[in-house]
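In this note's numbering, the protein residues as written are 20 to 428. Presented below is the structure to which this report refers.
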């Protein structure tokens with residue numbers, strides 16, 4: 020992720036720094052929006068405030084965390100990565116970038132106001148938004164003769180299909196329960212996360228090891244990632260078509276095992292022990308949290324569904340999903356503002372990672388200690404927002420100033 024290959028294709032002209040590359044507006048918007056959304060949700064869910072304009076509160080919360088925040092992560096990843104992955108691709112900057120994220124803001128307003136203005140404005144705006152991003156993704160990927168990253172394009176398309184299906188359900192056009200659609204959507208986003216972290220792992224880990232003087236190349240080998248993707252997709256499909264079936268427990272445990280297999284790449288690095296190096300350990304925790312999430316769900320199915328799966332799912336959402344976004348935010352911000360990722364690793368990354376893990380444990384613990392649910396909700400929310408506050412304090416100044424190495428972007 021050296022971020023050095025795109026400059027020959029960088030557009031001519033002067034652009035505001037915050038619109039000089041796709042990750043900048045995405046990461047300026049993402050942390051404050053995540054903080055605002057989770058604070059409002061916890062206050063609403065615990066009965067402290069009313070939000071009559073949002074319509075169905077649970078659907079609002081899940082959709083905004085998946086699709087609202089998810090769009091920012093998807094946009095940052097592909098708009099930043101495409102010019103490097105596909106030489107000759109012109110980075111999206113300036114007014115076009117402002118229009119894309121301006122439409123995202125309109126999408127958030129229309130979805131938040133769905134209880135007042137109805138479903139159709141939100142559906143139209145958000146479907147157009149994701150279609151625009153998907154077209155931007157598909158163009159360079161399908162032009163590539165080798166089709167090396169075509170799985171990313173297909174997953175972006177799958178996300179759009181999930182969103183259309185969700186809005187059709189909310190509008191009453193289809194009879195599928197909207198929450199069931201959002202659960203399948205979580206599986207699609209987890210697949211996208213696995214695809215993304217494989218690429219991030221390869222680039223980030225090798226940059227760190229090269230800086231420390233190690234010669235052995237780290238490989239994020241495809242088999243474990245592909246198996247994890249297959250198992251997530253299989254579990255999501257089976258859970259949708261055969262809910263409450265105890266056989267899902269074994270599939271969930273198989274998914275957990277597949278996720279843990281990703282760690283073999285880190286364990287098998289022979290030149291030195293890389294398991295507990297700063298930032299690398301944060302990357303390792305993503306498949307670990309995925310394994311914990313599916314492991315808990317598998318245990319629940321096999322033990323007779325004594326616990327509420329909605330609480331256990333938060334090991335995947337509050338934990339793995341959040342940590343993947345957080346780590347990718349940090350890696351992309353450091354590298355693409357012209358800094359050395361090996362030198363810029365600090366204790367704040369470790370603190371943020373620890374906070375996300377603790378928040379996931381507290382939120383999932385509601386399944387076991389329901390009598391303390393209100394306290395656990397509040398504690399998990401407070402701890403969960405800490406990494407994003409730290410990110411804003413630590414990195415926002417880099418997002419609004421030129422690259423440290425003097426290069427454009």
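Backbone N, C-alpha and C fix where the C-beta goes; we use that ideal spot for every residue, glycine too.
Are there 16 or more other CB atoms within 10 angstroms of the CB of residue 30, so buried, or fewer, so exposed? exposed
Alpha carbon to alpha carbon, how far is residue 415 from residue 364? 16 Å
If you reduce the DSSP assignment to three classes, tell me which class residue 330 lands in. helix
Which ranges would you report for the beta strand (DSSP E) in the region 254-317 if only whole runs of at least 3 residues count? none
Are the beta-carbon atoms belonging to residue 112 and residue 38 less than 7 Å from one another? yes
Which residue spans inside the region 116-166 form an unbroken alpha helix (DSSP H) run of at least 4? 133-136 and 138-162
Give me the Cα-Cα distance between residue 299 and residue 198, rounded to the nearest whole angstrom. 35 Å
Quick one: residues in its chain with C-beta nearer than 8 Å to the C-beta of residue 28, no 5 flanking neighbours on either side, listed in chain order? 102, 106, 107, 108, 109 and 110
What's the gap between the Cα of residue 327 and the Cα of residue 267? 15 Å
Simplified DSSP assignment, three categories, for residue 413: helix
Do you know offhand how far residue 97's Cα is from residue 67's? 39 Å
Could you give the first and the last residue of the continuous alpha helix (DSSP H) run that contains residue 388? Counting along the chain, residue 388 falls outside any alpha helix (DSSP H), and DSSP gives it neither H nor E.
What do you reckon, are the CB atoms on residue 404 and residue 371 nearer than 7 Å? no
Cβ of residue 418 within 7 Å of Cβ of residue 90? no
Mapping the DSSP letters down to three states, classify residue 168 as helix, strand or coil. coil
Is the Cβ-Cβ distance between residue 343 and residue 281 less than 7 Å? no
For a test of the three-state rule: what should DSSP assign to residue 229, helix, strand or coil? helix
Residue 244 and residue 213 closer than 7 Å at C-beta: yes
Is it a yes or a no for the region 328-337 touching the region 378-387, going by three-plus beta-carbon pairs under 8 Å? yes
7 Å Cβ cutoff met for residue 239 and residue 279: no
Is the region 146-156 touching the region 116-127, taking contact as three or more C-beta pairs under 8 Å? yes
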